[in-house]
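Single-structure report; data block below.
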Amino acid sequence: MKKLIALSVAFFSFNTFAHIDCLIGDYIDAHGEKVFSVTGEHHSGMLTNTKTGEKTTLKMLNEKQILSLWKKMHWAAGSAQDAECAADKKIKNVVCELSNTDAEPKFNHSSNIYLGEENELVLVSHKE
323 MKKLIALSVA FFSFNTFAHI DCLIGDYIDA HGEKVFSVTG EHHSGMLTNT KTGEKTTLKM
383 LNEKQILSLW KKMHWAAGSA QDAECAADKK IKNVVCELSN TDAEPKFNHS SNIYLGEENE
443 LVLVSHKE
(Lines of atoms letter the chains of each structure in order from A and count residues from 1; the text may use other names and numbers.)
(Lines give C-alpha, C1' and ligand atoms only; values in the text may rest on other atoms or scores of the structure.)
Protein backbone atom coordinates (compact mmCIF):
# COMPACT_ATOMS: atom_id res chain seq x y z
CA MET A 1 0.00 0.00 0.00
CA LYS A 2 2.86 2.40 0.83
CA LYS A 3 4.43 1.75 -2.58
CA LEU A 4 1.14 2.53 -4.30
CA ILE A 5 0.77 5.81 -2.40
CA ALA A 6 4.37 6.82 -3.13
CA LEU A 7 3.95 5.96 -6.81
CA SER A 8 0.68 7.93 -6.97
CA VAL A 9 2.32 10.98 -5.36
CA ALA A 10 5.28 10.78 -7.75
CA PHE A 11 2.97 10.48 -10.77
CA PHE A 12 0.79 13.38 -9.57
CA SER A 13 3.83 15.57 -8.93
CA PHE A 14 5.24 14.84 -12.38
CA ASN A 15 1.97 15.76 -14.09
CA THR A 16 1.33 18.80 -11.90
CA PHE A 17 4.69 20.43 -12.52
CA ALA A 18 5.43 20.38 -16.22
CA HIS A 19 8.86 21.44 -17.37
CA ILE A 20 9.48 24.32 -19.74
CA ASP A 21 12.05 22.22 -21.64
CA CYS A 22 9.45 21.27 -24.26
CA LEU A 23 8.91 24.97 -25.06
CA ILE A 24 12.55 26.09 -25.32
CA GLY A 25 13.63 27.27 -28.76
CA ASP A 26 12.77 29.74 -31.50
CA TYR A 27 9.26 30.31 -32.82
CA ILE A 28 8.59 31.13 -36.46
CA ASP A 29 5.37 32.63 -37.87
CA ALA A 30 3.57 31.65 -41.10
CA HIS A 31 5.85 34.00 -43.08
CA GLY A 32 8.99 32.20 -41.86
CA GLU A 33 10.03 35.08 -39.62
CA LYS A 34 11.33 34.49 -36.12
CA VAL A 35 8.78 36.00 -33.74
CA PHE A 36 10.24 35.12 -30.35
CA SER A 37 12.42 32.67 -28.49
CA VAL A 38 11.97 30.88 -25.17
CA THR A 39 14.84 30.04 -22.84
CA GLY A 40 14.80 28.64 -19.33
CA GLU A 41 14.99 25.66 -17.05
CA HIS A 42 12.55 23.47 -15.14
CA HIS A 43 9.33 25.39 -14.37
CA SER A 44 10.16 28.91 -15.54
CA GLY A 45 11.73 30.68 -18.47
CA MET A 46 12.07 33.84 -20.51
CA LEU A 47 10.25 34.84 -23.69
CA THR A 48 12.24 37.29 -25.81
CA ASN A 49 10.38 39.22 -28.52
CA THR A 50 12.62 39.25 -31.60
CA LYS A 51 11.39 42.60 -32.96
CA THR A 52 11.41 44.64 -29.74
CA GLY A 53 13.93 42.75 -27.62
CA GLU A 54 11.39 42.84 -24.78
CA LYS A 55 11.80 40.01 -22.28
CA THR A 56 8.90 38.44 -20.39
CA THR A 57 9.25 35.97 -17.53
CA LEU A 58 7.23 32.79 -18.06
CA LYS A 59 6.01 30.14 -15.65
CA MET A 60 4.45 26.81 -16.58
CA LEU A 61 0.67 26.69 -16.22
CA ASN A 62 -1.05 23.85 -14.42
CA GLU A 63 -3.98 21.94 -15.88
CA LYS A 64 -6.59 24.06 -14.09
CA GLN A 65 -5.06 27.30 -15.42
CA ILE A 66 -4.94 25.88 -18.95
CA LEU A 67 -8.58 24.82 -18.83
CA SER A 68 -9.55 28.24 -17.47
CA LEU A 69 -7.73 29.95 -20.35
CA TRP A 70 -9.40 27.65 -22.90
CA LYS A 71 -12.81 28.47 -21.42
CA LYS A 72 -12.09 32.22 -21.50
CA MET A 73 -11.01 32.01 -25.16
CA HIS A 74 -14.01 29.78 -26.09
CA TRP A 75 -11.72 27.08 -27.45
CA ALA A 76 -12.75 23.41 -27.52
CA ALA A 77 -11.83 21.89 -24.15
CA GLY A 78 -10.61 18.72 -25.87
CA SER A 79 -7.77 20.66 -27.47
CA ALA A 80 -6.37 21.41 -24.00
CA GLN A 81 -5.69 17.71 -23.44
CA ASP A 82 -1.95 17.21 -22.83
CA ALA A 83 -1.21 20.87 -23.67
CA GLU A 84 1.99 22.27 -22.18
CA CYS A 85 1.72 26.03 -21.66
CA ALA A 86 3.81 28.77 -20.09
CA ALA A 87 2.63 32.31 -19.42
CA ASP A 88 3.54 35.55 -17.74
CA LYS A 89 2.14 36.44 -14.31
CA LYS A 90 -1.07 37.96 -15.74
CA ILE A 91 -1.49 35.15 -18.31
CA LYS A 92 -1.37 37.71 -21.13
CA ASN A 93 1.57 36.18 -23.04
CA VAL A 94 1.05 32.44 -23.46
CA VAL A 95 3.09 29.88 -25.39
CA CYS A 96 1.68 26.36 -25.79
CA GLU A 97 2.69 23.08 -27.30
CA LEU A 98 -0.43 21.16 -28.25
CA SER A 99 -1.05 17.46 -28.71
CA ASN A 100 -4.72 17.47 -29.69
CA THR A 101 -4.90 20.15 -32.39
CA ASP A 102 -7.78 18.57 -34.29
CA ALA A 103 -10.27 19.44 -31.54
CA GLU A 104 -10.06 23.21 -32.18
CA PRO A 105 -10.45 24.51 -35.75
CA LYS A 106 -8.82 27.87 -34.89
CA PHE A 107 -5.52 26.04 -34.30
CA ASN A 108 -5.48 24.87 -37.95
CA HIS A 109 -3.52 21.74 -36.97
CA SER A 110 -0.64 23.85 -35.62
CA SER A 111 1.20 22.14 -32.77
CA ASN A 112 2.30 25.47 -31.25
CA ILE A 113 0.34 28.61 -30.48
CA TYR A 114 1.12 32.01 -29.02
CA LEU A 115 -1.52 34.17 -27.39
CA GLY A 116 -0.41 37.79 -27.15
CA GLU A 117 -1.40 40.58 -24.78
CA GLU A 118 -4.42 41.54 -26.88
CA ASN A 119 -5.66 37.91 -26.93
CA GLU A 120 -4.39 37.66 -30.49
CA LEU A 121 -3.86 34.02 -31.46
CA VAL A 122 -0.72 33.42 -33.52
CA LEU A 123 0.03 30.01 -35.02
CA VAL A 124 3.78 29.42 -34.78
CA SER A 125 6.28 26.70 -35.56
CA HIS A 126 8.76 25.62 -32.92
CA LYS A 127 12.42 25.28 -33.90
CA GLU A 128 14.71 23.79 -31.27
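The opening position of the sequence shown corresponds to residue 323 in the working numbering, with each subsequent residue numbered one higher. The beta carbon of each residue, even a glycine, is placed where N, CA and C say it ideally should be.
Query, Result
"Contact between the region 400-408 and the region 371-379 (3+ Cβ pairs under 8 Å)", "no"
"DSSP three-state assignment for Ala-402, whether helix, strand or coil", "helix"
"CB-CB length for Thr-370 against Lys-356, believed under 8 Å", "Not a contact, Cβ separation roughly 10 Å."
"Coil, strand or helix - Ile-350 by DSSP", "strand"
"Paired residues, beta bridge with Lys-377 - DSSP", "Thr-370"
"Cα-Cα separation, Ser-447 to Val-416", "14 Å"
"Closest Cα partner of Glu-426 within the set Ile-388, Ala-398, Lys-449 and Glu-385", "Ala-398"
"Ser-447 - containing beta strand (DSSP E), residue span", "443-449"
"N- and C-terminal bounds of the beta strand (DSSP E) containing Lys-356", "356-363"
"C-beta contact flag for Leu-445 and Ser-432 at 7 Å", "yes"
"Lys-394 to Thr-361 span [Cα, whole Å]", "27 Å"
"Same chain only: Cβ atoms within 6 Å of Ala-402, ignoring 5 sequence neighbours per side", "Ile-388, Leu-389 and Trp-392"
"Cβ neighbours of Gly-347 in the same chain (closer than 6 Å, five flanking residues each side left out)", "His-448, Lys-449 and Glu-450"
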